[in-house]
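J.: Can you read through this structure? Questions will come right after.
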Amino acid sequence: MKIVCYRTEDGSLRHGVVDDGGKVRDAGADLFALDAGSRLGALEELELVAPVPRPGKVVCVGRNYAEHARETGSVVPDRPQLFAKWANAVVGPRDDVVLPSITSALDYEAELVVVIGRTAKGVAEERALDHVLGYACGDDVSARDLQFGDTQWVRGKSLDTFAPTGPWIVTADEIPDPQDLRIRGLVNGEVRQDDTTANMLFSVARLIAFTTEAITLEPGDLLFTGTPPGVGHAMDPPRYLAPGDLVRVEIDGIGAIEHRVVAP
Ligand code: MG
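Numbered according to the numbering used here, the sequence shown spans residues 1 to 264.
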């Protein structure tokens, strides 16, 4: 099942379920208590927002693909490297990413995003996927100069609009193995990242188990699972994003999001 979130004409947010023909039926306001709803119309006609517009937490993992760690000159970590984005960063699958004036090193990171469905605390790796509602595409947009100029990553990762997600949540029953998904990141149609989630250092299940040893994950929390190699920062010379650039993140079995970079 594909679950979108959209804004109605009166400004309220509702969820919808998308059928194979791209038609949507309204399923109510509560992601965790979807109702049978009524026919809405075509997906293209809806104002989509992020499938979880204001998550309680956005947990992220750095350097979760060995080749990405190497391309950035970092050691390959021996345990998940967690950091956070704040909810203000989350935007929808067609929204713009605003290039802030305080950075000149804007970069993309195509990522598989996990949406938590059931409260998870101290979860064993073997049971971790039972706590997943589903999966989405995401871009862990990063201001590299802020990320590496500060001693913490949070400012460079959490600027407004720095976490496009969507286009929907594909429920976990349709993704039997989250470690077998092709993931691609494109800029202006040029493929920059093309890898498989099989190359994650730490699987989705391991990430949930590791995270919940320390932090309770709650329904609607997001987990960004790290990016494969091919980011602009690692190129020689670096190729950062500029206003007008179009970034696309595609994951087989899930779909794609696209967002344009705009000046503030
Ligand atoms: Mg990342």
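Quick reminder that beta carbons are idealized off the backbone N, C-alpha and C, glycines included.
(1) Beta-carbon within less than 6 Å of residue 67's beta-carbon, same chain only, minus the 5 sequence neighbours each way: which residues are those?
(2) Given the structure, does residue 165 come close to the ligand MG, in the sense that its CB is under 7 Å from one of the ligand's heavy atoms?
(3) Run the Cβ filter for me: residues under 5 Å from any heavy atom of the ligand MG, listed in the order they occur in the chain.
(4) Provide the residue span of the beta strand (DSSP E) that contains residue 210, from first to last.
(5) Go ahead and label residue 152 buried or exposed: buried means 16 or more other beta carbons lie within 10 angstroms of its beta carbon, across all protein chains shown.
(6) May I ask you to verify whether the segment 4 to 11 touches the segment 39 to 54, counting CB pairs closer than 8 Å and requiring at least 3?
(7) Once DSSP output is grouped into helix, strand and coil, what is the label at residue 9?
(8) Please determine, among 168, 239 and 244, the residue with the shortest C-alpha to C-alpha distance to residue 22.
(9) Kindly confirm or deny that the segment 85 to 101 and the segment 176 to 196 touch, where touching means at least three C-beta pairs closer than 8 Å.
(10) Please name the residue in 260, 14, 12 and 8 whose C-alpha comes closest to that of residue 141.
(11) Which value, in whole angstroms, describes the spacing of the CA atoms of residue 122 and residue 236?
(12) If we require 4 or more residues per run, which alpha helix (DSSP H) segments fall completely within the segment 42 to 83?
(13) Could you check the C-alpha separation between residue 83 and residue 95 for me, to the nearest Å?
(14) From what residue to what residue does the alpha helix (DSSP H) around residue 114 run?
(15) I need the DSSP call for residue 174, collapsed to helix, strand or coil.
(16) Is the distance from the Cβ of residue 19 to the Cβ of residue 38 below 8 Å?
T.: This is what the structure gives:
(1) 229
(2) no
(3) Taking each Cβ in turn, the ones that pass are 109, 140 and 227.
(4) Run containing residue 210: none in the beta strand (DSSP E); it sits in the alpha helix (DSSP H), 204 to 214.
(5) exposed
(6) yes
(7) The answer is coil: DSSP assigns residue 9 none of H, G, I, E or B.
(8) 168
(9) As far as the Cβ criterion goes, the segment 85 to 101 does not touch the segment 176 to 196, which means the pair count is below three.
(10) 260
(11) 42 Å
(12) 66 to 71
(13) Their backbone Cα atoms lie some 24 Å apart in a straight line.
(14) Careful: residue 114 lies outside any alpha helix (DSSP H), inside the beta strand (DSSP E) at 110 to 116.
(15) DSSP places residue 174 in helix when its eight states are reduced to three.
(16) No; because the gap between Cβ atoms is not below 8 Å, this pair is not in contact.
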